[in-house]
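Residues 1 to 207 in UniProt numbering are what the sequence shown spells out, letter by letter.
By construction, the Cβ of each residue, glycine as well, lies at the ideal position given by its N, Cα and C atoms.
The structure displayed is predicted, hence computed values, not measured ones.
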Amino acid sequence: MINWEELKFDEKGLIPTIVQDYKDNEVLMMAYMNKESLKLTLETGKATYFSRSRQKLWVKGETSGHIQNVKEMFYDCDGDTLLIKVEQVGNVACHTGNRSCFYRKLKEFEKVEKESVVNALYSLLINRKSNPVEGSYTTYLFEQGLDKILKKVGEESAEVIIGAKNEDKAEVIYEMSDLVYHSLVLLAYFDIKPSEVEEELRKREKK
């Protein structure tokens with residue numbers, strides 16, 4: 001049971017709420033809750049917030065279909081901020097069509113560890129899926145649909161085999177890169193993140 005006395009709502013009855021993806025902990029958005037929206041979230045399992053601009057409750061995704069199924073909820077040491085981990089349906093949390101509301105970089109600092117090329121490419125593919133760009137090959141693939149994407153995956157698989165049969169390492173690297181790209185397009189089509197494939201591989205590793 002929740003201890004309401006430990007939560008500190010501001011003078012307007014609101015508490016800031018940070019939203020993370022429950023699988024990879026990516027920060028998706030920040031919103032506000034009041035006691036009523038928090039109660040509804042706990043009862044329904046669907047993230048429900050309070051809109052300061054409209055001055056009313058809103059269920060995330062009630063119009064777009066991009067609902068958030070709540071998996072876990074936490075509050076910080078001061079009791080004045082909530083953290084919820086969700087399953088983001090549709091892979092889009094921001095009203096702009098981006099996966100996360102935090103898609104604009106203020107400043108880039110030196111990174112200890114670079115983001116993997118696979119994850120960076122997948123993020124770009126998801127963005128192209130939600131925000132088509134004229135002349136983009138990725139946009140073309142999504143517009144053509146599943147059959148076209150599957151055809152390209154098959155073609156690139158054959159090219160990898162040919163490169164391997166030729167025992168040409170450079171050709172294998174080149175064709176494998178094409179295969180990885182088109183395979184990621186296929187994953188993006190189904191909103192399957194690379195981390196889900198990694199998780200499946202880890203399961204097999206244990207076996």
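Run through DSSP, which three-state label would residue i get?
| i | result |
| --- | --- |
| Asn-91 | helix |
| Ala-170 | helix |
| Ile-126 | helix |
| Ser-53 | coil |
| Ile-84 | strand |
| residue 260 | In the structure as shown, the chain starts at 1 and stops at 207, and residue 260 therefore has no counterpart that could be examined. |
| Tyr-75 | strand |
| Val-59 | strand |
Taking its Cβ as the centre, do 16 or more other Cβ atoms sit within 10 Å of residue i, making it buried, or is it exposed?
| i | result |
| --- | --- |
| Asn-127 | buried |
| Ile-84 | buried |
| Gln-20 | buried |
| Thr-41 | buried |
If you follow the beta strand (DSSP E) that residue i is in, where does it begin and where does it stop?
| i | result |
| --- | --- |
| Ala-31 | 27-33 |
| Ile-15 | 15-21 |
Could you work out which residue in the options is closest to residue i when comparing CA atoms only?
| i | options | result |
| --- | --- | --- |
| Tyr-181 | Leu-106, Gly-79, Lys-152 | Lys-152 |
| Pro-132 | Tyr-122, Leu-82, Glu-143 | Glu-143 |
| Leu-124 | Ser-157, Leu-187, Lys-35 | Leu-187 |
| Val-118 | Asp-10, Asp-178, Phe-50 | Asp-178 |
| Lys-8 | Asn-34, Leu-28, Glu-26, Val-27 | Asn-34 |
Do residue j and residue i come within 9 Å of each other at the CB atom, strictly closer than that value?
| i | j | result |
| --- | --- | --- |
| Thr-17 | Tyr-32 | yes |
| Ile-15 | Leu-82 | yes |
| Asp-24 | Lys-193 | yes |
| residue 284 | Leu-146 | The requested residue 284 does not occur in the structure, where the chain is confined to residues 1 to 207. |
| Ile-149 | Val-197 | no |
| Ser-64 | Val-92 | yes |
Along the alpha helix (DSSP H) that carries residue i, what are the first and last residues, could you check?
| i | result |
| --- | --- |
| Ile-67 | Here Ile-67 belongs to no alpha helix (DSSP H), and DSSP marks it neither H nor E. |
| Leu-106 | First-last for Leu-106: undefined, no H or E at that position. |
| Thr-138 | 137-144 |
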